[in-house]
Structures are given as C-alpha cells and as structure tokens.
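Student: Provided herewith is a single structure, encoded as structure tokens, for subsequent inquiry.
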Amino acid sequence: GVVTGIQGLRWFNVEIFGETAHAGTTPLGARKDALREAIAVINALHELTRDASDTLRFTIGRMLVAPNSPNSVPSHVLFSVDVRHPDAATIARLGEAIEPTVRKAVEHCSVKVTPTLHDDPCAFDPAVVDCVERAAQALKLSHRRMPSGASHDAMYMARVCPTGMIFVPCERGISHNEAENAKPEDLAAGARVLTAALLELANR
C-alpha cells in the first residue's frame, strides 16, 4: 500500500436523557425511554452516512446505558459517534450535520451532543509518496495508492517534515484485532520497499 494520506475524522459523544420507570408498570406511551430514542438517533445517523462508494466510515463504538437494570426503563444513554472521510469538504459537511440529525430524531427525551475530536484530512508529501511507489515498481511488487483509514502519528509528523507511509496486507484485511496476521513474505516485501525508498531519499 502506497499511502497518500490519512482521512479526516469527527468524534462526538451523544447523550439522551429520559426518565427511569418500572418495566412492568409503565405503559409504553407514557415512557421517556432513553434507549429507544438512542436507537432512533442511531438509525437516523446511519441514513445520514449512507455512501454508495463505500468511502465514508461511520461507527458507534461505545454505549453506556443507565440504570442498566433489566426491569427498568433506561433514563440515560451515552454513545460515541465516529465519522471519517478522506475529503475535507465531505467530512466538514458531515460534522455540521451530526447534531441537527440527532435532535430531529429525538421525540420524548432531551439530548446533548458534544464534539470530542476533530482531525482534518492529511495529505502526505507527493515526493515521498512517489518515491515509495517507485520502490515498489522497481521491486516488481503489486501495489496501489490508498489513504489510511486509521489515524497515525504520521499525520502529526506531516506538519513538520515530508512524510509517507507503507502498508503491508493482513489476512482478510483484519487490523486492531488479536486475529491480525501479516505473512512473513509480505512483511519482508514492505521492509524492502522501505529500504529502497530511504536510500533514494537519502541520496538526493
């Protein structure tokens, strides 16, 4: 993988505030069920982030429910929202649309939306990217240009010096998981590309 840059992201915490009630005695129509409202919000966010090109990334990765009791109507739900895209205009538009979408979906509860992280897309130095690509070509390795979906320290290094990255494939594309596994031959190929690219850059 000849990495061209790192996609931008927006993180939010969404909190839904309802009212605790007994699961057996409270009619459905009289409830302020924070979890039911949270489900409606999440469905609305899924609609907002539909993307035919499958470039956009949307994740609800964390959820806390209170009082977290099997016989109580939830009074409070907190969940995270993670949206990512390599295009700056697209991620800016999505970032602006999150809170209005959340508020429109809530009917019987109150809501709070808190932005927690904002990283704009990062483009790597074209000369470094080209150098990595030439190294892969010279070694006759199959390769493709691609953005990094995950954030990386390199996005901060790119603010102070020319920066690039090299990806090697993992089985089934799995990463950030105990099942992540890269074949030794792929790791060796990546190391050869890194060596060739460093030699070219050092001899300029």
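Reminder that position 143 of the sequence shown reads as 207 in the numbering used here, one-by-one numbering, no gaps. Glycine included, each C-beta is placed from N, C-alpha and C at the ideal position. Nothing here was measured: the structure is a model prediction, and the numbers come from that model.
Below 7 Å CB to CB, which residues in the same chain sit around L99 once its five sequence neighbours on both sides are set aside?
Tutor: The answer, listed in chain order, is V129, P138, V141.
Student: Kindly indicate the opening and closing residues of the beta strand (DSSP E) around D183.
Tutor: Element bounds for D183: 174–183.
Student: Within 10 angstroms of the Cβ of G228, are there 16 or more other Cβ atoms? Answer buried if so, exposed if not.
Tutor: Its Cβ being crowded by 16 or more others within 10 Å, G228 is buried.
Student: Measure the Cβ-Cβ separation of L205 and A161 and say whether it is below 8 Å.
Tutor: Not in contact: L205 and A161 (Cβ atoms no closer than 8 Å).
Student: Below 8 Å, how does it come out for the stretch 102–122 and the stretch 148–158: are there three or more Cβ pairs, yes or no?
Tutor: The answer is yes - the stretch 148–158 touches the stretch 102–122, with three or more Cβ pairs under 8 Å.
Student: In angstroms with no decimal places, state the Cα-to-Cα distance between G88 and P131.
Tutor: Their Cα atoms are separated by approximately 15 Å.
Student: Where does the unbroken beta strand (DSSP E) through L142 begin, and where does it stop?
Tutor: Start and end: 140–149.
Student: In terms of DSSP beta bridges, what is L128 paired with?
Tutor: DSSP output for L128 lists L142 as bridge partner(s).
Student: For A156 and L181, I'd like the C-alpha separation in whole angstroms.
Tutor: Their Cα atoms are separated by approximately 13 Å.
Student: Short of 8 Å in beta carbon distance, which residues of its chain neighbour A202, apart from the five on each side in sequence? Order them along the chain.
Tutor: Within the same chain, A202 has close Cβ partners A260.
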